[in-house]
Amino acid sequence: AVFDQSCKGVYDRSLFSKLDRVCDDCYNLYRKHYVATGCRRNCYGNLVFRQCLDDLMLVDVVDEYYVASVQMV
Numbered sequence: 001a002v003f004d005q006s007c008k009g010v011y012d013r014s015l016f017s018k019l020d021r022v023c024d025d026c027y028n029l030y031r032k033h034y035v036a037t038g039c040r041r042n043c044y045g046n047l048v049f050r051q052c053l054d055d056l057m058l059v060d061v062v063d064e065y066y067v068a069s070v071q072m073v
């Protein structure tokens, strides 16, 4: 994945990979381009990303992913 220019925080490769993987998995689930782009919008701080966490049954780690996305902004 290419680094999202909307992410202005400290670049952490492992953190970025973790967030990006959610979007990749969500895209693989729906196969819709707008899911992949929408998920990454605003440095993962958006409703599509949150919905992807739900759809991928990652609700138990939502707070962990939210904190990670805030660190990237």
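Per UniProt numbering, residue 1 is the first one in the sequence shown, and the count goes up by one each step.
Virtual Cβ for every residue (Gly too), placed ideally from N, Cα, C.
Rounded distance between the beta-carbons of residue j and residue i, thought under 8 Å
i, j, result
"Y27", "A36", "4 Å"
Inter-residue spacing [alpha-carbon to alpha-carbon] between residue i and residue j
i, j, result
"V59", "L19", "14 Å"
"N46", "C23", "12 Å"
"A25", "G38", "For clarity, residue 25 is Asp in the given sequence; the question names Ala instead. Each residue's alpha carbon lies about 13 Å from the other."
"L56", "V62", "11 Å"
"C7", "F49", "14 Å"
Secondary structure of residue i, DSSP reduced to three states
i, result
"N42", "helix"
"D12", "coil"
"K32", "coil"
Cβ neighbour criterion (16 or more within 10 Å) applied to residue i
i, result
"L29", "exposed"
"R40", "buried"
Cβ-heavy atom distance, residue i to the ligand MN, below 7 Å
i, result
"V48", "Of ligands this structure carries none, so the ligand MN is not represented either."
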